[in-house]
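**Q** Here it is, the structure in full.
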């Protein structure tokens, strides 16, 4: 398949993730949207690596993105659980303690 | 031909399940359709000659991150008034703008392409690149430090310091003491 087919899939995935982050008022959905956005970036890395096959830098960058996504998911879930036990809500709008 | 069929199948799987998880009302169903998206992505990696990455995707995303998300869903209460017209409007503007801008930029671009061919199996090459000092060794070791620090930090943040029901009483007691 040509490179542009993969880029179209990647853009569509990115847009879906962006809409999920923006539209949903639930922190878990925001995290799921972030995972979709990171996956779209990864697909780009790997697709461009196939077009420039001199080395494997694209695939290795994708592996680092996966590592950081795992760390981010662990930290973010811990923050969500802590927030839930403090203000009994996981809506991003409700976390405004530091505004006062 | 087979690669093309596989690409169409996995692309449809990825985007279809992503759309389901965007529009479904039930949070748990959304999380499970994210599983379909992640598995479809792993199939797309296979069509791109990235077998190690496909395996890693299944192991870490489908096995680890999705499990974390499901635990987060089970331990929290979904909010009742989840949808608001304003948010959906903002999301449509953002998503549509991004899609149009990307299509406009992609239409006139000629991407660079190099010679050669990816190896049939990338596992050994990726391992050698990671362990070569002038390539990725330092970044690899730093990634392990980042993971360790993130996991220790996550345990510290998620540890419960007070019973849930007494949160407000405890806050009030603290404020009373401060005054």
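Residue numbers (our numbering), protein chains in the order written: chain A, 1 to 100; chain B, 1001 to 1179. Positions of the beta carbon are idealized from the N, C-alpha and C atoms, including for glycine.
#1: Within the same chain, show all residues whose beta-carbon is closer than 6 angstroms to that of residue 1052 (chain B), passing over the 5 residues directly before and after it, in chain order.
#2: Is it the case that the Cβ atoms of residue 980 (chain B) and residue 1047 (chain B) are separated by a distance below 7 angstroms?
#3: How many angstroms separate the CA atom of residue 5 (chain A) from the CA atom of residue 51 (chain A)?
#4: Quick one: what's got a C-beta closer than 7 angstroms to residue 24 (chain A)'s C-beta in the same chain, skipping five residues either side?
#5: With H, G and I counted as helix, E and B as strand and the rest as coil, what does DSSP make of residue 1116 (chain B)?
#6: For residue 1179 (chain B), would you say it is in contact with chain A, using Cβ-to-Cβ distances shorter than 7 angstroms as the test?
#7: Starting from residue 86 (chain A), trace the alpha helix (DSSP H) in both directions and tell me its first and last residue.
#8: If we ignore side chains and look at the alpha-carbon of each, how far apart do residue 1097 (chain B) and residue 15 (chain A) end up?
#9: Measuring CA to CA, which of A:69, A:21, A:54 is closest to residue 41 (chain A)?
#10: Have a look at A:45, A:60, A:48, A:44 and flag the residue whose alpha-carbon is nearest the alpha-carbon of residue 1131 (chain B).
#11: Looking at the unbroken alpha helix (DSSP H) that takes in residue 1061 (chain B), where does it start and where does it end?
#12: Below 8 angstroms on the Cβ atoms is my contact criterion, and I expect residue 66 (chain A) with residue 1056 (chain B) to pass it. Report the Cβ-Cβ distance as a whole number of Å.
**A** Reading off the structure:
#1: 1122, 1123, 1126
#2: Because chain B here runs from 1001 to 1179, residue 980 (chain B) falls outside it and cannot be looked at.
#3: 13 angstroms
#4: 30
#5: coil
#6: At residue 1179 (chain B), the pLDDT of 47 sits below 50, so the modelled position is not reliable; the number obtained from the coordinates is stated separately. Output row for residue 1179 (chain B): interface = no.
#7: 57-87
#8: 9 angstroms
#9: A:69
#10: A:60
#11: Looking at the DSSP string, residue 1061 (chain B) is not in any alpha helix (DSSP H), and its letter there is neither H nor E.
#12: 6 angstroms
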